[in-house]
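First up is the structure itself, then whatever we jot down about it.
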DNA sequence: TAGGTTTGTTTCAAACTTGAACCAAGCCCT
DNA sequence: AGGGCTTGGTTCAAGTTTGAAACAAACCTA
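Protein chains in written order, with the UniProt record's numbering: chain V, 1 to 171; chain W, 1 to 171.
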C-alpha cells in the first residue's frame with residue numbers, strides 16, 4: 001500500500017496545530033508554575049479532585065479522567081502529597097485501591113490559583129476565538145479524543161454528594 | 001477585577017481540547033518510539049532539517065521553528081548526534097553559532113519512518129475530521145499560535161537551494 | 001578600543017515522564 | 001481450597017524537560 005501523504009491543507013493544519021498546542025501548554029505551564037508552583041497537570045489533578053464526590057477519587061479513575069498513565073499519576077500525587085495538597089487514603093471495599101483526597105490546603109491553593117489560570121486560558125485561547133470557533137474546537141477535539149479511546153469508557157454514573165467546588169476552576 | 005469564569009461551552013471545549021491533545025501526542029509518541037526509536041519532537045527535528053536549505057539549520061532557527069527552548073534542542077540534538085542522525089557544524093560567519101546538519105543516515109531513517117508516521121497522523125486526526133473541520137482546525141490553531149508569539153517573527157526570506165526532501169514527511 | 005551589553009549556545013541540577021517489572025489483592029474455575 | 005489470570009498501584013532505571021547559570025563571541029558606544 002502506497003502512502004497517502006498529507007495534502008497541503010492538512011500539512012498546514014497539522015503544523016499549525018502542533019505549534020499552537022506546544023506554545024499553549026508552555027504558556028500555561030509557565031503561568032501556573034509562577035503563580036501556583038506547579039505544572040498544569042498537577043493543577044488539573046487538584047481541579048478534578050475538587051469536583052469529585054467528597055473531593056476524592058481512586059487513582060485509576062483519576063488517571064483515566066486526566067488521560068495519563070497510572071505511573072505518571074503516582075509520581076505526581078506523591079509530590080502533591082509531600083506538599084500537603086493531597087492525602088492518600090485506603091479504599092474500604094478494595095484493599096488494593098488507594099484514594100487521592102484533596103486536602104483543605106490543596107483546595108485553598110486551587111482556589112487561589114484558579115482566577116489566574118482561567119485568565120490565562122481565556123487570554124491565550126478564548127479571547128482569540130469566535131463563539132463559533134469555540135464550538136468547532138470542541139467538536140474537533142471530541143472527535144479526536146473519541147477515536148483515541150478504543151477503551152470501553154464505562155457508563156460512570158456517580159452523581160454522589162459533594163460540597164462546594166472551586167468555582168469552575170477549569171482543568 | 002472579578003474573574004470571568006469559563007462558560008459551560010468554553011469548559012467543554014477546553015476539556016475536550018486538553019484530552020485530545022494529550023491523547024494525540026501520546027499516540028504519536030508511542031508510534032514513533034516503536035517504529036523509529038525516537039519521540040515525536042526528535043522526528044520533527046529531522047523533518048524540519050530535511051526541508052531546510054542544504055538540510056541544515058542554526059540551532060536558534062531550529063528551536064524557533066519547532067517552538068521549543070534552545071536548551072531542550074541542545075539536549076535533543078546531542079542525542080540525535082550520538083545516534084548519527086545529525087551532525088553539528090560550526091557557523092562560518094558567526095563563530096558563536098552552531099549548525100545542525102541532517103546526515104544521510106538521518107535522512108534515511110526519516111524516509112523510512114515517514115509513511116508510518118503519516119499514517120498515524122491520518123488515522124488519528126484527519127480521518128476523523130471533515131474537510132471543513134481541517135480548515136477550521138488550521139484557523140483556530142493559527143489564531144492561538146499567533147497570539148502566543150509576541151516575538152517579532154522576523155521576515156525570514158531564505159528560499160535558498162536544497163535538494164530532495166523526504167516527501168512531505170510532515171512534522 | 002576598552003568596557004558593557006546583547007546574542008548564541010551549552011551546562012548543570014532538579015523535576016518530570018516513560019515503560020517495564022513487581023507486588024498485592026481480587027476473581028475465577030474446578 | 002488451590003492454582004492461575006486480571007486488576008490496582010507502586011517502583012525503578014533510563015530518558016527527557018526545565019530554568020537558571022555559565023561562557024564565549026559579537027556588537028555597541030563613549
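Quick reminder that beta carbons are idealized off the backbone N, C-alpha and C, glycines included.
The beta-bridge partner set that DSSP reports for residue 102 of chain W consists of W:86. Of the candidates V:43, V:144, V:130 and V:31, the residue whose Cα lies closest to the Cα of residue 79 of chain V is V:43. Residue 36 of chain V has a beta carbon lying at 8 Å or more from every beta carbon in chain W.
Counting C-beta pairs closer than 8 Å gives fewer than three between the region 5–25 of chain W and the region 62–69 of chain W, which falls short of the contact rule. For residue 125 of chain V, the three-state secondary structure derived from DSSP is coil. Close partners of residue 15 of chain W in chain V (Cβ separation under 7 Å): 171. Contacts with chain V at 8 Å (Cβ-Cβ) include residue 119 of chain W. Contact between the region 109–118 of chain V and the region 126–139 of chain V is absent: fewer than 3 CB-CB pairs across the two stretches fall below 8 Å. From the beta-carbon of residue 115 of chain V, the residues of chain W found nearer than 7 Å are 3. Residue 85 of chain W is a Cβ neighbour of residue 105 of chain W, given a cutoff of 8 Å.
The region 38–74 of chain W contains, as complete beta strand (DSSP E) runs of 3+ residues, the segments 56–58 (chain order). Residue 108 of chain V is outside the set of residues whose beta carbon lies under 8 Å from a beta carbon in chain W.
Residue 84 of chain V has a beta carbon lying at 8 Å or more from every beta carbon in chain W. Residue 10 of chain V belongs to the set of residues whose beta carbon lies under 8 Å from a beta carbon in chain W. The beta carbon of residue 60 of chain V does not come within 8 Å of any beta carbon belonging to chain W, so the residue lies off that interface. In this structure, DSSP gives residue 146 of chain W a helical state, which the three-state scheme calls helix.
For the region 20–35 of chain V, the set of positions with a beta-carbon nearer than 9 Å to some beta-carbon of chain W reads 20, 21, 22, 23, 24, 25, 26 and 27 in chain order.
Counting the other CB atoms within 10 Å of its CB gives residue 108 of chain W a total below 16, which places it among the exposed residues. Listed in chain order, the positions of the region 138–149 of chain V with a beta carbon within less than 8 Å of a beta carbon of chain W are 138, 139, 140, 141, 142, 143, 144, 145, 146, 147, 148 and 149. Proximity of residue 77 of chain W to chain V, defined by a Cβ-Cβ separation below 8 Å, is not satisfied.
When the beta-carbon positions are compared, residue 90 of chain V and residue 49 of chain V stay at least 8 Å from each other. Residue state for residue 23 of chain V is assigned as helix, using DSSP reduced to three classes. Against chain W, a Cβ distance below 9 Å from residue 135 of chain V picks out 9 and 13. In the structure shown, residue 3 of chain W adopts coil according to DSSP, grouped into three states. Residue 120 of chain W counts as buried, since at least 16 other C-beta atoms from the protein chains shown sit within 10 angstroms of its C-beta. The closest CA to that of residue 72 of chain V, considering only W:26, W:138 and W:5, is found on W:26. Residue-level contact by beta carbon fails for residue 55 of chain V and chain W, as no gap is shorter than 8 Å. Proximity of residue 18 of chain V to chain W, defined by a Cβ-Cβ separation below 8 Å, is satisfied. The residue among V:118, V:140, V:145 and V:57 with its C-alpha nearest the C-alpha of residue 28 of chain V is V:118.
For residue 138 of chain V and residue 95 of chain W, the gap between their C-alpha atoms comes out near 48 Å.
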